[in-house]
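**Student:** Residue numbers (the working numbering): 518 to 911.
By construction, the Cβ of each residue, glycine as well, lies at the ideal position given by its N, Cα and C atoms.
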């Protein structure tokens, strides 16, 4: 719900009841990823989107009911090619959308959650979205029950201590990776049992993009990184080039030798590094460090000859072939880019393709689903064209 979170907090602080519809799981060519959300307010206004327009009308009507009744609902929208236009999900695919009422009574922790997010502190929300356990054997947690999970603490509970422990541990793992998705348990925390579905929404700080080299291409790369949602750092050893005036879209501009800065700064598995200096005195010691860190992407600008020379120097420094294989150089996808803006688009395309497993080929020549599914649940739903699942809080 990050895309509508500011509006959600505003409604909550003003004492208004709203319905929050969140995409919790997708299959095939679904238009939005898990976490996409829409708010329906008491004045009939709507904020956000769960499907890019495909099923907004149906979700709006159901959310209006949930806002009035307070009974959470898990709804599945899916179509076949024959009835796509009649139903509205014209792009195909399947969406599971969880709709709940949000107000000061049902979500008293929202204010503290907002403070964590505003301060860029990692936090996750785990919500029970379905409970198919036999109520005569195990009542289990209520649909809509939630926990607020931080790296060193947790608030709330889902029904049993073992379940709380399992969800807390798993949610922290997702939070470290910045991932959002559905986990499955038994009523007492047994993992990978499909009786209980818990949606974990991770609010990790923005992933980092570090741009090394304050050259003429760098402002466009920094601007593109900011557009993609990265916390952008530009680093160069030359103070005459590394200035805030030249990089208004960067979150920070650092004057430091690149390899020293990378060795000292905090990075993780989501961090992307773009080396634009194409100068061996900067590139070689920097890449020697970068290619041994658990980074999401390392790309380096330069001609093929420049790259061959870099690789030779890195081999002389003892780097193994599997380490060198992680380097994207020359940086970017082959889209015929010439200008700094086009080059930034080329680099961004390669970063996106690396993240999601894309080929970089034109979609007209590709086969299979357009949107690659990295949902935590490996099995898609059954073959029915449209099915529904509704869970009520009791």
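Please determine if the stretch 709–727 and the stretch 682–699 are in contact, where contact requires at least 3 C-beta pairs separated by less than 8 Å.
**Tutor:** They touch, by the three-pair rule.
**Student:** Give the straight-line distance between the Cα atoms of residue 784 and residue 665, rounded to the nearest whole angstrom.
**Tutor:** Taking the first residue of the chain shown as 1, we reach residue 784 at position 267. Taking the first residue of the chain shown as 1, we reach residue 665 at position 148. Between residue 784 and residue 665, the C-alpha separation is close to 25 Å.
**Student:** Roughly how many angstroms lie between the CA atoms of residue 557 and residue 535, to the nearest whole one?
**Tutor:** To locate residue 557, count along the chain shown from 1; it is residue 40. To locate residue 535, count along the chain shown from 1; it is residue 18. Residue 557 and residue 535: Cα-Cα distance of roughly 6 Å.
**Student:** Out of 672, 747, 812, state which residue places its alpha-carbon closest to the alpha-carbon of residue 780.
**Tutor:** In the chain shown, residue 780 corresponds to position 263, counting from 1. If we check each option's Cα against that of residue 780, 812 comes out closest.
**Student:** Would you report the Cα separation of residue 525 and residue 583, rounded to the nearest angstrom?
**Tutor:** Reading the chain shown from its first residue, position 8 is the one you call residue 525. Reading the chain shown from its first residue, position 66 is the one you call residue 583. About 16 Å.
**Student:** Candidates 790, 712, 569, 715: which alpha carbon is nearest residue 738's?
**Tutor:** As a working note, residue 738 is residue 221 in the chain shown. Closest option to residue 738, Cα to Cα, is 790.
**Student:** Pairs of beta-carbons, one from the stretch 746–756 and one from the stretch 706–715, closer than 8 Å: are there three or more?
**Tutor:** Under the three-pair Cβ rule at 8 Å, the stretch 746–756 does not count as touching the stretch 706–715.
**Student:** If contacts are defined as beta-carbon pairs under 8 Å, then residue 844 and residue 870 qualify, I think. What distance do you get, rounded to the angstrom?
**Tutor:** As a first step, residue 844 is located in the chain shown; it is residue number 327 there, counting from the start. As a first step, residue 870 is located in the chain shown; it is residue number 353 there, counting from the start. With 8 Å as the limit, residue 844 and residue 870 do not qualify as a contact, their Cβ atoms being about 15 Å apart.
**Student:** What's the call for residue 724, buried or exposed, on a 16-neighbour Cβ count within 10 Å?
**Tutor:** Stepping through the chain shown from its first residue, residue 724 is reached at position 207. Residue 724 sits buried, since 16 or more C-beta atoms from the chains shown fall within 10 Å of its C-beta.
**Student:** If you reduce the DSSP assignment to three classes, tell me which class residue 786 lands in.
**Tutor:** Walking along the chain shown from the start, residue 786 turns up at place 269. It is coil, neither helix nor strand.
**Student:** Might you give, ordered along the chain, the residues of its own chain that have their beta carbon closer than 7 Å to the beta carbon of residue 795, omitting 5 neighbours on each side?
**Tutor:** The residue labelled residue 795 in the question sits at position 278 within the chain shown. Cβ neighbours of residue 795 within its own chain (closer than 7 Å, five residues either side excluded): 818, 819, 823.
**Student:** Note down the Cα distance separating residue 594 from residue 670, rounded to an integer number of angstroms.
**Tutor:** Within the chain shown, the letter at position 77 stands for residue 594. Within the chain shown, the letter at position 153 stands for residue 670. The alpha-carbon atoms of residue 594 and residue 670 are separated by roughly 36 Å.
**Student:** Please state the DSSP three-state secondary structure of residue 636.
**Tutor:** By 1-based counting over the chain shown, the position of residue 636 is 119. Residue 636 falls in the coil class under three-state DSSP.
**Student:** Applying the 10 Å Cβ sphere with the 16-neighbour rule, what's the burial state of residue 562?
**Tutor:** Within the chain shown, the letter at position 45 stands for residue 562. Classification for residue 562: exposed.
**Student:** For residue 949, count neighbouring Cβ atoms within 10 angstroms of its own Cβ and tell me buried if that reaches 16, exposed if not.
**Tutor:** The shown model of the chain, from 518 to 911, leaves out residue 949, and the question about it has no answer.
**Student:** Might you give, ordered along the chain, the residues of its own chain that have their beta carbon closer than 6 Å to the beta carbon of residue 846, omitting 5 neighbours on each side?
**Tutor:** Numbered from its first residue, the chain shown carries residue 846 at position 329. For residue 846, same chain residues with a beta-carbon under 6 Å away, outside a window of 5 residues either side, are 817, 824 in chain order.
**Student:** Given this structure, state the Cα-to-Cα distance separating residue 579 from residue 863, to the nearest angstrom.
**Tutor:** Here residue 579 refers to the residue found at position 62 of the chain shown. Here residue 863 refers to the residue found at position 346 of the chain shown. Residue 863 has its alpha-carbon roughly 41 Å from the corresponding atom of residue 579.
**Student:** Using CA coordinates, which residue listed in 543, 729, 554 is at the minimum distance from residue 521?
**Tutor:** Stepping through the chain shown from its first residue, residue 521 is reached at position 4. Relative to the Cα of residue 521, the nearest Cα in the group 543, 729, 554 belongs to 554.
**Student:** Entirely within the stretch 794–837 and at least 3 residues each: give me those beta strand (DSSP E) ranges in chain order.
**Tutor:** 814–817
**Student:** According to DSSP, simplified to helix, strand and coil, what is residue 855?
**Tutor:** By one-based count along the chain shown, residue 855 stands at place 338. Coil at residue 855, not helix or strand.
**Student:** Look up residue 729 in the DSSP assignment and say whether it is helix, strand or coil.
**Tutor:** Here residue 729 refers to the residue found at position 212 of the chain shown. Note: residue 729 maps to strand in three-state DSSP.
**Student:** Considering only residues of the same chain and omitting the five flanking positions on each side of residue 740, which have a CB-CB separation below 6 Å?
**Tutor:** The residue labelled residue 740 in the question sits at position 223 within the chain shown. Closer than 6 Å at the Cβ level, and outside the excluded window around residue 740, lie 766.
**Student:** Any idea what DSSP makes of residue 758, helix, strand or coil?
**Tutor:** Counting from one through the chain shown, the residue named residue 758 turns up at place 241. Correct three-state label for residue 758: coil.
**Student:** According to DSSP, simplified to helix, strand and coil, what is residue 764?
**Tutor:** Position 247 of the chain shown, counted from the first residue, corresponds to residue 764. Note: residue 764 maps to coil in three-state DSSP.
**Student:** Which residue or residues does DSSP assign as beta-bridge partners of residue 913?
**Tutor:** Nothing about residue 913 can be read from this structure; the chain reaches only from 518 to 911.
**Student:** Could you compute how far the alpha carbon of residue 585 sits from the alpha carbon of residue 624?
**Tutor:** Along the chain shown, one-based indexing puts residue 585 at 68. Along the chain shown, one-based indexing puts residue 624 at 107. If I take the Cα positions, the gap works out to 16 Å.
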